[in-house]
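Heads up, the sequence shown is in my numbering, so the first residue is 96 and it goes up one at a time.
Structure first, commentary second.
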Amino acid sequence: MIHGIFSFHLFGQEIWITTSHVCILIVMAIILIFAIVANRKLAHASEIPSGFQNVVELIVEKLDGMVSGTMGKWAPKFVNYISTIFIFILMSNISGLFGLRPPTADYGTTLALGLITFFLIHINQFKHQSGKQIWRDMCSPLPPWLPIWFPINLISEIAVPISLSLRLFANVLSGTVMMALVYGLLGKIAVIWPAALHVYFDLFSGAIQTYVFCMLTMTYIAQACDAEE
């Protein structure tokens, strides 16, 4: 379902620009335009918010509350990152409502998000925890001098970006495939009533998967930052 649009050669390799790349650029352009307009609006904000200013302040307030409620004292450090991926994933998931193929239905997109989270987890783990503590946690539940569980715990750490990316990818792709089957099999009959399916697969399920991805990301990073004394 991913189609190549055009290709070019770079360092002797053929690089294809696909529908996923175009959809990602469209989503990023929409977010960027919204951010610029919001910045200009808030630069001349009124004391009593209304209209667009009210919407922007509501979004910021809800995102700040979500991050603060999960990450506690670490929230100010990561609120910008979590808010950015939340808005990007949500906009990508609901882009099917506007005739685009959701970028998160491409595993290359979700894997990149999972890897960013993975590196953030371990960068903060090495920053806030000692090597002795990390080794103790990797050998848990047995004592550090008996590292029988180390390979299993190592596999569980490596599985974090894979599980994060596959969960988001599979749920979004399943909705995309279902809607493609509906339109492909029913053709002209599928005119108005599939809107209810779009509400579920793109809006409801998309919002849930966005929340789950960000919640797991915040939990993993907060655990890595909280070093036990």
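The C-beta atom is built at its ideal place from N, Cα and C for all residues, glycine as well.
Which word fits residue i, buried or exposed, when buried means at least 16 other C-beta atoms lie within 10 angstroms of its C-beta?
i    : result
E324 : At E324, the pLDDT of 42 sits below 50, so the modelled position is not reliable and the matter cannot be decided from this model.
S258 : exposed
N219 : buried
T205 : buried
Tell me the rounded alpha-carbon separation between residue i and residue j.
i    : j    : result
L210 : T271 : 24 Å
S251 : F106 : 36 Å
F116 : G203 : One detail in the question is off: residue 116 reads as His in this sequence, not Phe. The straight-line gap from Cα to Cα measures roughly 10 Å.
N175 : D321 : 19 Å
L215 : I253 : 13 Å
L185 : P238 : 43 Å
Q148 : A138 : 10 Å
K222 : K168 : 16 Å
Report the CB separation of residue i from residue j in whole angstroms; it is logged as a contact under 8 Å.
i    : j    : result
P198 : V122 : 6 Å
F213 : V255 : 6 Å
D297 : I189 : 5 Å
F183 : I126 : 7 Å
I100 : T114 : 7 Å
S260 : L208 : 7 Å
Per the contact definition of three or more C-beta pairs closer than 8 Å, is the segment 232 to 251 in contact with the segment 162 to 170? no
Could you name each continuous alpha helix (DSSP H) segment of 4 residues or more that falls completely within the segment 247 to 316, going from the start of the chain to the end? 290 to 293
Any contact between the segment 137 to 152 and the segment 223 to 238? By contact I mean 3 or more CB pairs, one from each, below 8 Å. no
Write down every uninterrupted run of the alpha helix (DSSP H) in the segment 106 to 171 whose length is 4 residues or greater and which is fully enclosed by it, in chain order. 114 to 138, 147 to 166
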